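Visitor:
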Amino acid sequence: MKRHNTVRVALRNPDRYAPLLAIRNQREYDAAVSHLHRLVDEVGDKPSDPRYRFIDTLSLLIEAYDEAHHAIPDISGGALLKFLMEQHELSQSDLPDVGSQGVVSEILRGKRELNLRQIRVLSERFGIPAAAFLTEIEDKRAVRS
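Every number in our numbering is 221 more than the matching position in the sequence shown, counting from 1.
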């Protein structure tokens, strides 16, 4: 019986749980992304922190809304990286996990492809599916076959 009372109390004030509810519009999406960024800044990479599970949950909700409402254009991984860097006001030196400034520059100019490790890093950093960066790798594999 106690469990049912907890659910009733939660349902009386759903705003308290807004970050964990389905995202229905752009305003809720923006709030969820903002909340996710705050959580990531506070929790970091500490799976032992109880809030870490909220990061996973919120990421899934944001990803579901993105897939339904924000189609990712079919562009090269380097072009997508350039767009994301502009949107987040990042410089090449802000991406040491991708590589040196020279490596990032080559990726942005199309002289070098993103490798799978870099794609994983960028997917996690920007909260978008890794597949968004894979188009050029898959295209080249198809040509070789």
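Ideal Cβ positions, reconstructed from N, Cα and C, are used throughout, including at glycine.
Being a predicted model, the structure only gives us computed values, none of them experimental.
1) Is Lys267 helix, strand or coil by DSSP?
2) What span of residues does the alpha helix (DSSP H) with Ala289 cover, start to end?
3) Please state if the CB of Gln322 and the CB of Gln308 are separated by a distance shorter than 9 Å.
4) Could you name the residues of the same chain whose beta carbon sits closer than 6 Å to that of Leu316, not counting the 5 residues immediately before and after it, in chain order?
5) Between Lys303 and the rest of its own chain, which residues show a CB-CB distance below 7 Å, the 5 nearest in sequence each way excluded?
Guide: Looking at the atomic coordinates:
1) Residue numbering aside, residue 267 sits at position 46 when the sequence shown is read from its first letter. Lys267 falls in the coil class under three-state DSSP.
2) In the sequence shown, residue 289 corresponds to position 68, counting from 1. Residues Tyr273 to His290.
3) Residue numbering aside, residue 308 sits at position 87 when the sequence shown is read from its first letter. Residue numbering aside, residue 322 sits at position 101 when the sequence shown is read from its first letter. Against a cut-off of 9 Å, the Cβ pair of Gln322 and Gln308 comes out as no contact.
4) Within the sequence shown, the letter at position 95 stands for residue 316. Excluding sequence neighbours, Leu316 sits near Val325.
5) Locating residue 303 in the sequence shown gives position 82, where the first residue counts as 1. Contacts found: Leu329.
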